[in-house]
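Working notes for the structure below.
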Amino acid sequence: MALLDRFKGFYVVLSQMLQPPVTRQYPKEPRKMTHRFRGIPVLVTDPETGEEKCTACGLCATACPNNVITMTSEPHATKGRHPVTYNIQALRCLFCGLCVEACPVKAIQMSHHFELASTSRDNLLYDKQRLLELGRGIYDEVEQTESGEWIEVTRFPEEVESPQPKREVA
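Number 70 in the UniProt record's numbering belongs to position 70 of the sequence shown; there are no gaps in the numbering.
Written out as structure tokens, the structure is:
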């Protein structure tokens with residue numbers, strides 16, 4: 001009986017050795033996020049003009065339950081107003097997406113950026129420039145489903161790199 005148990009154990013080990021590995025080498029092979037994944041909220045630019053879409057209406061800041069979005073605005077020549085400063089405190093953000101739902105011009109989107117770990121609290125205060133860098137390549141388009149319905153789909157770039165500097169470990 002003991003001999004049979006040993007052969008069963010060897011069989012399990014050998015069968016697992018012949019299967020492909022399921023482990024990913026994380027930094028080298030980044031995981032592809034699902035479409036509904038909610039990472040840090042980012043500011044989006046218009047793909048045709050390259051200008052930021054935000055009109056500084058403040059609805060995203062009002063909708064935020066933790067008040068993590070702050071902004072100051074000034075008049076703009078073509079679109080009424082635009083934000084001079086726009087900050088998101090990632091430490092307090094719930095990643096709930098209420099700011100995205102509240103935005104009438106879809107200037108803020110939930111990104112697929114999930115690498116938020118930092119050694120400094122100051123790195124988790126995202127300013128306007130950093131949010132625009134993270135939002136580069138994200139755009140909305142309308143497409144038709146198999147059933148014939150027209151839906152709006154948010155497209156994300158294949159890779160989203162962190163704009164914060166990374167230190168090399170010796």
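Beta carbons are placed, not taken as given, at the ideal position from N, Cα and C, and that holds for glycine.
>> Measuring only the C-alpha atoms, how far is CYS54 from PRO47?
In response: Start at 1 with the first residue of the sequence shown, and residue 54 comes out as number 54. Start at 1 with the first residue of the sequence shown, and residue 47 comes out as number 47. For CYS54 and PRO47, the distance between alpha carbons rounds to 13 Å.
>> Which same chain residues end up closer than 7 Å to ARG121 when comparing Cβ atoms and leaving out the 5 residues on each side of it in sequence?
In response: For this step, residue 121 is matched to residue 121 along the sequence shown. Excluding positions up to five away in sequence, the list reads LEU91.
>> Cutting at 8 Å between CB atoms, please list the residues of its own chain near ARG24, excluding the five before and the five after it.
In response: Taking the sequence shown and counting its residues from 1, one reaches residue 24 at position 24. Answer for ARG24: ARG31, listed in chain order.
>> Tell me which residues share the same chain as GLU143 and place their Cβ nearer than 7 Å to its Cβ, disregarding the 5 neighbours each side in the sequence.
In response: Counting from one through the sequence shown, the residue named residue 143 turns up at place 143. So the qualifying residues of the chain are ILE151, VAL153.
> What three-state label does DSSP hand MET1 in the structure shown?
Replying inline: By 1-based counting over the sequence shown, the position of residue 1 is 1. DSSP places MET1 in coil when its eight states are reduced to three.
> For CYS103, which residues from the same chain have a beta carbon less than 7 Å from its beta carbon, with the 5 sequence-adjacent residues on both sides left out?
Replying inline: Working through the sequence shown from its first residue, we reach residue 103 at position 103. So the list reads LEU59, CYS60, once near-sequence residues are dropped.
> How should MET1 be labelled, buried or exposed, when 16 other C-beta atoms within 10 angstroms of its C-beta is the threshold for buried?
Replying inline: As a first step, residue 1 is located in the sequence shown; it is residue number 1 there, counting from the start. The residue in question, MET1, is exposed, as its Cβ has fewer than 16 Cβ neighbours within 10 Å.
> How do the region 110-118 and the region 76-87 stand: do at least 3 beta-carbon pairs fall below 8 Å, yes or no?
Replying inline: no
> Enumerated in chain order, which unbroken segments of the alpha helix (DSSP H) with a length of 4 residues or greater are wholly contained in the region 76-153?
Replying inline: 98-102, 128-134
> Thinking C-beta only, is ILE88 closer than 8 Å to VAL100?
Replying inline: As a working note, residue 100 is residue 100 in the sequence shown. As a working note, residue 88 is residue 88 in the sequence shown. Contact: no.
>> Here's the rule I'm using: 16 or more other beta-carbon atoms within 10 Å means buried, otherwise exposed. How should MET17 be labelled?
In response: Residue mapping note: residue 17 aligns to position 17 of the sequence shown, counting from 1. With fewer than 16 Cβ atoms within 10 Å of its Cβ, MET17 is classed as exposed.
> If you draw a straight line from the alpha carbon of PRO83 to that of LEU131, how long is it in whole angstroms?
Replying inline: Taking the first residue of the sequence shown as position 1, residue 83 is located at position 83. Taking the first residue of the sequence shown as position 1, residue 131 is located at position 131. Cα-Cα distance, rounded: 12 Å.
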